[in-house]
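Colleague:
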DNA sequence: TAGATTGTTAATCGATTAACAATC
DNA sequence: TAGATTGTTAATCGATTAACAATC
C-alpha cells in the first residue's frame, strides 16, 4: 500500500509530536495550528495541511485536543509500539547512545550492542553485554530486528551496513560521517554534527 | 551582503564536501557531477545547478578537479579556517562529543566545556577541564566564540540557549530533544535521533 | 575529430501560502 | 450570537529536472 504522502511531510510529523508532548508536559490540553506553528517557526497553514493528509484531527473554533493528536500521530508514524534497535559500535558515541534514556517513551529500545574490538566484547555498556560483530547476522535475524544505528568509524560503516541489510535490517540511522550505498527500499538517515555546523558557518561571515 | 542562495542549497554543500573528501582519500583526482550524484543519490543536474550558484568550478568534457573543488567549497562555507565551539553539557553525550576526533580537520575545535554539576566542574573530560555554567557568558565573550553545542537535558536547553545568545553566540547545534526559541539572526540546527528514527518507522509497516 | 561533461535556460514538478466557507 | 479555528481549494512560489549549446 504505497502512499503518496510527501516524505517532507512525514519528516515534520516527529517534530510536531515532540512539541505536542512538551505542551502536554506543561499541562496544556488543547492547542491550535497557530500556537504550534509559532513554537516551531512554521506557518499554521502548513501544519493544518500536513495533518489533513491523515484525517481531521481538530475542531473548528477550538483547535486540537493535544492528547488525542499525539495518539493519532503516534499511530501514523507507527510509534504506538516499541521497536527494537540494534546498535553497532560501542565507542564513546555508541556508549552514550546505549546509556541514553530518551528512546523508551518515544517508541524505541536498544536491544543489542555490537563491537568488533576484543577488549570490548563481553564487557558491559550500560545494561548491555557487548556482542562480537560476527554475531550481527544471527542475532538480528533471530530477533527480527528491523532498525539499526551505526556508530563505527567511517571506514567500517559501509561494510557494517551491508551485513545489517543482509540480515534483514530495513532502516539505518548512520552516525558515521559518510554516505551509505543501500538497495532500494532500505531507509537511511544521517547524523553528522559537522555537516550541521558547516551549514551554519555559511551565514556567520 | 545578504545572499539570495536558497538555504536548501547551502545544506547540501557540506554533504558534497564530505563525499569529495572521501573520494580524495580514495586517491581519485577528478570527478563528475554524474559520479558524485550517483554516490549521493542526487541527480547530476542538481549538483551542477547547486555549484553554479558560486561559480564555474568544472571543465567541460573533464569534470571537476577534486582538490580544487574541495578548496572552493570550504571557502564558500567558511570552513577554510578553524571555528571555536563551546560545548554545554558534560554528560554521556557531551563527553562523547568532547572526545570526538572528527571536528578538527573539518573546520571546528571545541574550545571549552561547561556543566552545572558540582561533581563535574573542575574534572577533566578529554583534554578539557569542565567549567561551571556560571562562567559561560564570561568565557564566550572573552574568546569571541560564535558557535555552541547544547547537550543538556531538554528542560535546561532553552535557559542555556538564552545565556549563550546573550553572550554573543550566533549558531547553535542543539542535541536536546526540544525546539528552541531564538531571536532572528541566530541559526539553530537540531540533532535528535528519535526524530530521525520516527521518520523511518512510517515506512516500515 | 569524437566523446564527454559542464553551465545554463526553460519546462516541469511539487510544496507553501493565502483565503475562506464551514462550523464549533 | 460572535469569535475563533479548522480543513480545503486555488494561487503562488520555489525547487528540480530535462535538454542542449559550448567547449574541453
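Protein chains in written order, with the numbering used here: chain U, 50 to 254; chain E, 50 to 254.
We put the CB at the ideal spot given by N, CA and C, even for glycine.
Would you call the stretch 147-159 of chain U and the stretch 120-135 of chain U in contact, with 3 or more CB pairs under 8 Å?
Modeller: yes
Colleague: Between residue 207 (chain U) and residue 229 (chain U), is the Cβ-Cβ spacing less than 8 Å?
Modeller: In the first chain, residue 207 (chain U) corresponds to position 158, counting from 1. In the first chain, residue 229 (chain U) corresponds to position 180, counting from 1. Yes, these two residues count as a Cβ contact at 8 Å.
Colleague: Have a look at E:72, E:92, E:141 and flag the residue whose alpha-carbon is nearest the alpha-carbon of residue 117 (chain E).
Modeller: What you label residue 117 (chain E) is simply residue 68 of the second chain in a count that begins at 1. The option with the nearest alpha carbon to residue 117 (chain E) is E:72.
Colleague: Is it right to say residue 51 (chain E) is buried, meaning 16 or more other beta carbons lie within 10 angstroms of its own, or is it exposed?
Modeller: By one-based count along the second chain, residue 51 (chain E) stands at place 2. Summary for residue 51 (chain E): the model assigns pLDDT 46, below 50, so the residue's position carries little reliability; its value from the coordinates is reported in the next sentence. Residue burial annotation: residue 51 (chain E) is exposed, with fewer than 16 other C-beta atoms found within 10 angstroms of its C-beta.
Colleague: Kindly provide the ranges of any alpha helix (DSSP H) runs that are 4 or more residues long and lie completely inside the stretch 98-167 of chain E, ordered along the chain.
Modeller: Whole alpha helix (DSSP H) segments, 4+ residues: 115-125, 141-148.
Colleague: Taking contact to mean at least 3 C-beta pairs separated by less than 8 Å, is the stretch 92-103 of chain U in contact with the stretch 133-141 of chain U?
Modeller: no
Colleague: Along the chain, where does the beta strand (DSSP E) containing residue 239 (chain U) start, and where does it finish?
Modeller: The count along the first chain starts at 1 and reaches residue 239 (chain U) at position 190. Unbroken beta strand (DSSP E) run through residue 239 (chain U): 236-239.
Colleague: Extract the residue ranges of the beta strand (DSSP E) inside the stretch 54-90 of chain U, only unbroken runs of 3 or more that lie entirely within it.
Modeller: none
Colleague: Taking residue 82 (chain U) as the reference, which of U:251, U:165, U:168, U:94 has the closest Cα?
Modeller: What you label residue 82 (chain U) is simply residue 33 of the first chain in a count that begins at 1. With respect to the C-alpha of residue 82 (chain U), the residue from U:251, U:165, U:168, U:94 having the closest C-alpha is U:94.
Colleague: Would residue 19 (chain E) be called buried (16 or more neighbouring beta carbons within 10 Å of its own) or exposed?
Modeller: Only positions 50 to 254 of chain E appear in the structure, and residue 19 (chain E) is not among them; the question remains open.
Colleague: Residues bridged to residue 223 (chain U) by DSSP?
Modeller: On the first chain, position 174 is the one that residue 223 (chain U) refers to. In DSSP, residue 223 (chain U) forms a bridge with U:199, U:239.
Colleague: State the Cα-Cα distance for the pair residue 233 (chain U) and residue 109 (chain E), rounded to the nearest angstrom.
Modeller: One-based indexing of the first chain puts residue 233 (chain U) at position 184. One-based indexing of the second chain puts residue 109 (chain E) at position 60. Each residue's alpha carbon lies about 32 Å from the other.
Colleague: Sort out for me which residues DSSP pairs residue 174 (chain E) with in a bridge.
Modeller: By one-based count along the second chain, residue 174 (chain E) stands at place 125. Paired residues: E:177.
Colleague: If we define contact as Cβ-Cβ less than 8 Å, is residue 55 (chain U) a contact residue for chain E?
Modeller: Here residue 55 (chain U) is taken as the residue at index 6 of the first chain, counted from 1. No, residue 55 (chain U) does not count as interfacial toward chain E.
Colleague: Got a sec, what are the start and stop residues for the alpha helix (DSSP H) residue 186 (chain E) sits in?
Modeller: For the purposes of this step, residue 186 (chain E) is taken as residue 137 along the second chain, with counting starting at 1. Run containing residue 186 (chain E): 185-192, per the alpha helix (DSSP H) assignment.
Colleague: Helix, strand or coil, according to DSSP, for residue 211 (chain E) in the structure here?
Modeller: Looking up residue 211 (chain E) in the second chain gives position 162. Reduced to three states, the DSSP call for residue 211 (chain E) is helix.
Colleague: Use the C-beta contact count for residue 180 (chain U): other C-beta atoms within 10 angstroms, 16 or more gives buried, fewer gives exposed.
Modeller: Counting from one through the first chain, the residue named residue 180 (chain U) turns up at place 131. That one is buried.
Colleague: Closest to residue 192 (chain U) by C-alpha separation, out of U:169, U:216, U:88, would be which residue?
Modeller: Here the question's residue 192 (chain U) lines up with position 143 in the first chain. Each of U:169, U:216, U:88 was checked against the Cα of residue 192 (chain U), and the nearest Cα belongs to U:216.
Colleague: Helix, strand or coil for residue 50 (chain E), going by three-state DSSP, please let me know.
Modeller: The count along the second chain starts at 1 and reaches residue 50 (chain E) at position 1. Note that residue 50 (chain E) has pLDDT 39, beneath the 50 cutoff, so the model's placement of it is unreliable and no number is given.
Colleague: Taking residue 165 (chain U) as the reference, which of U:119, U:148, U:183 has the closest Cα?
Modeller: As a working note, residue 165 (chain U) is residue 116 in the first chain. Closest option to residue 165 (chain U), Cα to Cα, is U:183.
Colleague: Output yes if chain E places a C-beta closer than 8 Å to the C-beta of residue 139 (chain U); else output no.
Modeller: Here the question's residue 139 (chain U) lines up with position 90 in the first chain. Judged by the 8 Å Cβ criterion, residue 139 (chain U) is not in contact with chain E.
Colleague: So, with DSSP's three-state summary, where would you put residue 206 (chain E)?
Modeller: Counting from one through the second chain, the residue named residue 206 (chain E) turns up at place 157. Three-state DSSP puts residue 206 (chain E) in a helix.
Colleague: Which same chain residues end up closer than 6 Å to residue 163 (chain U) when comparing Cβ atoms and leaving out the 5 residues on each side of it in sequence?
Modeller: Here residue 163 (chain U) corresponds to residue number 114 of the first chain, with the count starting at 1. So the qualifying residues of the chain are 137, 180, 182, 185.
Colleague: State the DSSP-derived secondary structure class of residue 231 (chain E), mapped to helix, strand or coil.
Modeller: Within the second chain, the letter at position 182 stands for residue 231 (chain E). Residue 231 (chain E): coil per DSSP, three-state reduction.
Colleague: Comparing the C-beta of residue 42 (chain U) with each C-beta of chain E, is any distance below 8 Å?
Modeller: An answer regarding residue 42 (chain U) cannot be provided, because it is not within the stretch 50 to 254 covered by chain U.
Colleague: Quick one, which of U:190, U:84, U:91 has its alpha-carbon nearest residue 134 (chain U)'s?
Modeller: Here residue 134 (chain U) refers to the residue found at position 85 of the first chain. When each option's Cα is compared against that of residue 134 (chain U), the closest is U:190.
Colleague: So, for residue 167 (chain U): in the same chain, excluding its five sequence neighbours on each side, which residues have a beta-carbon less than 6 Å away from its beta-carbon?
Modeller: The count along the first chain starts at 1 and reaches residue 167 (chain U) at position 118. Excluding residues within five positions, none has a Cβ falling inside 6 Å.
Colleague: Determine the chain U residues that contact residue 76 (chain E) at a beta-carbon separation under 8 Å, and present them in chain order.
Modeller: Along the second chain, one-based indexing puts residue 76 (chain E) at 27. Residues of chain U passing the Cβ test: none, with the nearest at roughly 14 Å.
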